[in-house]
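Engineer: Below: one structure in structure tokens.
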Amino acid sequence: MELGRLGVWYPADRLDGPGLATLARRVEELGYGTLWYPEARGYESFTLAAHFLASTTRLKVGSSIANIYARDAFTARRGMATLNAFHGGRFILGLGVSHIPMVEGLRGHRYDRPVPAMRAYLDGIQADTGEDWPILLAALGPKMLELAARRTHGAVPYNVTPEHTAIAAGILGPGKVLAVEQKVCLETDPERARALGRAELAHYLALPNYVNNWLRTGFTEADLKDGGSDRFIDGMVVSGDAAAIKAKLAAHFAAGATHVCIQPVHAKGDIAARDAMLAALADS
1 MELGRLGVWY PADRLDGPGL ATLARRVEEL GYGTLWYPEA RGYESFTLAA
51 HFLASTTRLK VGSSIANIYA RDAFTARRGM ATLNAFHGGR FILGLGVSHI
101 PMVEGLRGHR YDRPVPAMRA YLDGIQADTG EDWPILLAAL GPKMLELAAR
151 RTHGAVPYNV TPEHTAIAAG ILGPGKVLAV EQKVCLETDP ERARALGRAE
201 LAHYLALPNY VNNWLRTGFT EADLKDGGSD RFIDGMVVSG DAAAIKAKLA
251 AHFAAGATHV CIQPVHAKGD IAARDAMLAA LADS
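Residue numbers (the UniProt record's numbering): 1 to 284.
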């Protein structure tokens with residue numbers, strides 16, 4: 001699973017079809033190895049992957065993540081196989097258990113215990129095939145990371161710090177993919193960067209899966225109140241000039257990441273700022 005050293009993660013629901021195609025081509029032109037995207041309330045994950053893949057020729061495309069409650073395991077397997085057959089093996093299936101509001105509130109399913117639910121889903125994908133499927137897990141806690149190490153190519157942790165990366169690398173062990181997401185903001189005014197960061201992180205602060213992981217990795221209850229402390233925001237959204245951001249990306253690699261996907265944080269609709277960040281960090 002060759003992802004390249006750097007990738008890009010972007011909230012795809014913010015763009016229309018032509019805008020998504022333009023983003024994918026720009027990411028490919030700049031030399032990034034992989035483009036990652038979430039599955040939230042808008043576009044369906046596999047359809048979106050097909051659009052990205054059809055818009056590019058070399059770029060790998062990864063779901064980060066495809067919600068296991070959005071389609072049964074057989075459908076996920078056939079979708080993954082179809083995308084790779086049609087597009088030269090360039091699709092990586094990142095799977096995750098999502099969050100209670102997205103599963104019970106939005107989809108009307110019952111949110112089961114995360115690790116047993118993921119294990120059963122992998123059983124459905126991998127049973128009786130003999131295939132080495134290109135699967136990664138959205139793993140934050142130790143038990144999900146252990147499952148990723150045993151059953152898949154590795155993990156795609158989101159909203160993490162280099163401290164978490166070191167823990168994850170230790171659990172996954174050698175030979176596994178550890179593709180971590182890092183939010184970046186090419187902004188030298190700390191207050192403006194923090195304001196953008198708080199806006200980006202606001203909805204994640206209401207999701208227990210992330211909150212629990214942040215508490216496990218050194219943040220406090222106080223750090224997570226009132227939109228997040230400066231310490232928390234600075235830890236989650238790397239800001240400053242390109243050199244400062246590149247140093248933080250290097251910290252993830254030093255901690256054991258095999259791939260880092262950057263998420264540009266910018267004002268709503270500011271595509272110029274997004275593209276400036278992608279260009280500035282492409283050779284990190």
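Note that the Cβ used here is the ideal one computed from N, Cα and C, for glycine as well.
(1) Within this structure, are the beta carbons of R26 and L59 separated by less than 8 Å?
(2) Name the DSSP bridge partner or partners of G96?
(3) Do A168 and A155 have their C-beta atoms closer together than 8 Å?
(4) Can you list, in chain order, the residues of its chain with a C-beta nearer than 8 Å to that of A267? Leave out the 5 residues immediately preceding and following it.
(5) Compute the distance between the beta-carbons of S63 and Y37, then report whether it is under 8 Å.
(6) Out of G170, C185, A282, state which residue places its alpha-carbon closest to the alpha-carbon of G235.
(7) Nearest-angstrom Cα distance between D283 and A138?
(8) To which residues does DSSP link I38 through a beta bridge?
(9) My guess is that R41 and D72 are in contact by the Cβ rule of under 8 Å, so how many angstroms apart are they, rounded?
(10) Near A276, what residues of its chain come up, given a Cβ to Cβ distance below 7 Å and the 5 sequence neighbours on each side ignored?
(11) Nearer than 7 Å: is that true of the beta carbon of Y32 relative to any heavy atom of the ligand MN?
(12) Which residues in the same chain have their Cβ closer than 7 Å to the Cβ of Y204, if we skip the five residues on either side of it in sequence?
(13) Exposed or buried, which one is P114 when buried takes at least 16 other CB atoms within 10 Å?
(14) Given a cut-off of 8 Å, decide if L6 and Y32 are closer than it, judged by their beta-carbon atoms.
Structural biologist: Concretely, from the data shown:
(1) The residue labelled residue 26 in the question sits at position 26 within the sequence shown. The residue labelled residue 59 in the question sits at position 59 within the sequence shown. Result no, Cβ atoms of R26 and L59 do not sit closer than 8 Å.
(2) Here residue 96 is taken as the residue at index 96 of the sequence shown, counted from 1. Looking at the DSSP assignment, G96 forms a beta bridge with N67.
(3) Taking the first residue of the sequence shown as 1, we reach residue 168 at position 168. Taking the first residue of the sequence shown as 1, we reach residue 155 at position 155. Cβ distance < 8 Å, so A168 and A155 count as in contact.
(4) Within the sequence shown, the letter at position 267 stands for residue 267. Correct list, in chain order: L196, A273.
(5) Numbered from 1 along the sequence shown, position 63 holds the residue referred to as residue 63. Numbered from 1 along the sequence shown, position 37 holds the residue referred to as residue 37. Cβ distance < 8 Å, so S63 and Y37 count as in contact.
(6) By 1-based counting over the sequence shown, the position of residue 235 is 235. Of G170, C185, A282, the residue nearest in Cα terms is C185.
(7) If you number the sequence shown from 1, residue 283 lands on position 283. If you number the sequence shown from 1, residue 138 lands on position 138. Those two C-alpha atoms are separated by around 26 Å.
(8) Stepping through the sequence shown from its first residue, residue 38 is reached at position 38. Here the sequence assigns Pro to residue 38, which means Ile is not the residue at that position. Answer is none; P38 lacks a bridge partner.
(9) Within the sequence shown, residue 41 is the residue found at index 41, counting from 1. Within the sequence shown, residue 72 is the residue found at index 72, counting from 1. About 20 Å separates the two Cβ atoms, so there is no contact after all.
(10) As a first step, residue 276 is located in the sequence shown; it is residue number 276 there, counting from the start. So the qualifying residues of the chain are L186.
(11) Ligands displayed in this structure: none; no statement on the ligand MN is therefore possible.
(12) Position 204 of the sequence shown holds residue 204. So the list reads N159, Y210, once near-sequence residues are dropped.
(13) Numbered from 1 along the sequence shown, position 114 holds the residue referred to as residue 114. Flag for P114 reads buried.
(14) Mapped onto the sequence shown, residue 32 falls at position 32. Mapped onto the sequence shown, residue 6 falls at position 6. The answer is yes: Cβ separation under 8 Å.
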